[in-house]
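First to last, the sequence lines map onto chains V and Z.
The opening residue of the first sequence carries number 1 in the numbering used here; numbering runs sequentially from there.
The opening residue of the second sequence carries number 1001 in the numbering used here; numbering runs sequentially from there.
Heads up, the thing below is written out as structure tokens.
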Amino acid sequence: GAGVSQSPSNKVTEKGKDVELRCDPISGHTALYWYRQSLGQGLEFLIYFQGNSAPDKSGLPSDRFSAERTGGSVSTLTIQRTQQEDSAVYLCASSLERARTNYGYTFGSGTRLTVV
Amino acid sequence: GEDVEQSLFLSVREGDSSVINCTYTDSSSTYLYWYKQEPGAGLQLLTYIFSNMDMKQDQRLTVLLNKKDKHLSLRIADTQTGDSAIYFCAVTTGGGNKLTFGTGTQLKVEL
């Protein structure tokens, strides 16, 4: 597609429920990233996928968080047993290759998650 | 781990220059970026600088890099109300596999 697409744009869920957030990267982009943006905070790195390599999961805050990327394209971030502190904007980005280029990333508009 | 810091707020008058500052800790960062985020939107890449440069100019934007002090700045000339947004500094870390972002600087442009 023309840009990075994320769905849903907004999600309100009850504490303890599971949620799935979807990211559809730009076609041909081999690298995909998930970040979390909390109010007044910078962007917190969560997970990084590059081609067929094992993902870098070093930023996932707990074992309630997981992500997968099927067929090297669409990615799903799953949060199990959501807590109020999970409320944030979840941003997905993709790039042609690893970040050490002048391309930077292209970001989606994010999913605003509110846990009540 | 890598730490990237920015001041949280900056207020300027329309027509003045804005200077947004950023400091980082990873001396091996090879690419450094500035992103802009407007309300309700994702981040938009504004400009970047490679670590072997000390200045880059792109229309109203000037990026200065002091690699010795690990200090990056973004100057916006003739600031307009449409420049009001949050500006994020980001640097490559982890061998270039990912970007570490600062907390963002909210720029408010007053008439």
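Glycine is no exception: its CB is placed at the ideal position from the N, C-alpha and C atoms.
Computed from a predicted structure; not experimentally measured.
- For the options V:2, V:9, V:32 and V:3, the alpha carbon positioned closest to that of residue 111 of chain V is the one of V:9.
- The CB of residue 41 of chain V comes closer than 7 Å to the CB of 1103 in chain Z, given here in chain order.
- Residue 51 of chain V counts as exposed, since fewer than 16 other beta carbons sit within 10 angstroms of its beta carbon.
- One finds 1042 and 1043 in chain Z with Cβ atoms closer than 8 Å to the Cβ of residue 91 of chain V, taken in chain order.
- Close CB contacts of residue 88 of chain V within its chain, under the 7 Å cut and outside five residues either way in sequence, are with 36, 37, 38 and 113 (chain order).
- Rounded to the nearest angstrom, the gap between the Cα atoms of residue 7 of chain V and residue 23 of chain V is 7 Å.
- By the C-beta density criterion, residue 1111 of chain Z is exposed, having fewer than 16 other C-beta atoms within 10 angstroms.
- Within the DSSP bridge table, the entry for residue 79 of chain V names V:19 and V:65 as partners.
- Comparing alpha carbon positions, the residue from Z:1016, Z:1060, Z:1086 and Z:1101 closest to residue 1092 of chain Z is Z:1101.
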